[in-house]
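In the numbering used here, the protein residues as written are 33 to 221.
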């Protein structure tokens, strides 16, 4: 669960009961290093659901009102197997908010049976909660879940999209997290 338009700190300030329920009752994992890869929601959703930057798709502004049916989004694979936030105003112009908005909230919840059956995967998720992660990694995780059988395959650690079910390198850089990653967006700079 997550969105790019609600900063993690705003979630903690204004949706504390929701956050507390997700973390304490559902054992959600709070990805503390989860970064946006673009300023607006649309390109971040594209990265999360297509595993590409918007400019890597054959999409342009003239298609703004067209359907997205012809693009290869991950939910197409899932179908065969099963609040936007405050965007304007003086508050949004402050330095702190500019920093905060680069770290939107992202919580992951797995059922208790999964945690019991795959403790190593859950351990990896808990470790990754404090590592640099992006919508591309959510995409890789969604892909991984599609074919997950409990047998772990080695993951390439110098690629843009990395499954959160594997341990993300502690020293991962913004360049490694996305070869076209905009410097203004990466919080670790």
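Beta carbons: idealized from backbone N, C-alpha and C, even for Gly. Computed from a predicted structure; not experimentally measured.
Beta strand (DSSP E) segment containing residue i, residue limits
i, result
"residue 139", "136–140"
Straight-line Cα distance separating residue j from residue i
i, j, result
"residue 178", "residue 134", "28 Å"
"residue 115", "residue 40", "Because residue 115 carries a pLDDT of 48, less than 50, the predicted location of this residue cannot be relied on, and the following value inherits that uncertainty. Computed Cα separation, rounded: 14 Å."
"residue 228", "residue 166", "With the chain running from 33 to 221 in the structure shown, residue 228 is simply not present."
"residue 51", "residue 176", "26 Å"
"residue 57", "residue 174", "23 Å"
"residue 71", "residue 131", "12 Å"
"residue 129", "residue 199", "30 Å"
"residue 78", "residue 102", "13 Å"
"residue 148", "residue 42", "32 Å"
"residue 168", "residue 100", "19 Å"
"residue 209", "residue 192", "5 Å"
"residue 122", "residue 111", "42 Å"
"residue 93", "residue 146", "42 Å"
"residue 125", "residue 144", "41 Å"
"residue 218", "residue 107", "26 Å"
"residue 97", "residue 91", "11 Å"
"residue 159", "residue 187", "16 Å"
"residue 113", "residue 95", "29 Å"
C-beta atoms of residue i and residue j nearer than 8 Å
i, j, result
"residue 197", "residue 156", "yes"
"residue 194", "residue 161", "no"
"residue 1", "residue 84", "Lying before the first or after the last residue shown, residue 1 is absent from the chain, which here runs from 33 to 221."
"residue 170", "residue 61", "no"
"residue 36", "residue 81", "no"
Range of the contiguous alpha helix (DSSP H) that encloses residue i
i, result
"residue 50", "48–52"
"residue 209", "206–209"
"residue 166", "Counting along the chain, residue 166 falls outside any alpha helix (DSSP H), and DSSP gives it neither H nor E."
"residue 145", "144–149"
"residue 80", "73–82"
"residue 113", "106–113"
"residue 132", "127–132"
Close Cβ partners of residue i (< 6 Å) along its chain, the five nearest in sequence each way excluded
i, result
"residue 153", "197"
"residue 86", "75 and 78"
"residue 109", "178"
"residue 137", "34, 38, 40 and 43"
"residue 63", "138, 161 and 165"
Proximal residues to residue i (C-beta, below 8 Å), its chain only, five neighbours per side dropped
i, result
"residue 54", "33, 60, 139 and 141"
"residue 180", "197"
Nonlocal neighbours in the same chain, by C-beta distance under 7 Å from residue i, ignoring five residues either side
i, result
"residue 163", "65, 200, 202 and 204"
"residue 182", "150"
"residue 44", "51"
"residue 104", "82"
task = Kindly provide the ranges of any alpha helix (DSSP H) runs that are 4 or more residues long and lie completely inside the stretch 166–203, ordered along the chain.
result = 167–178
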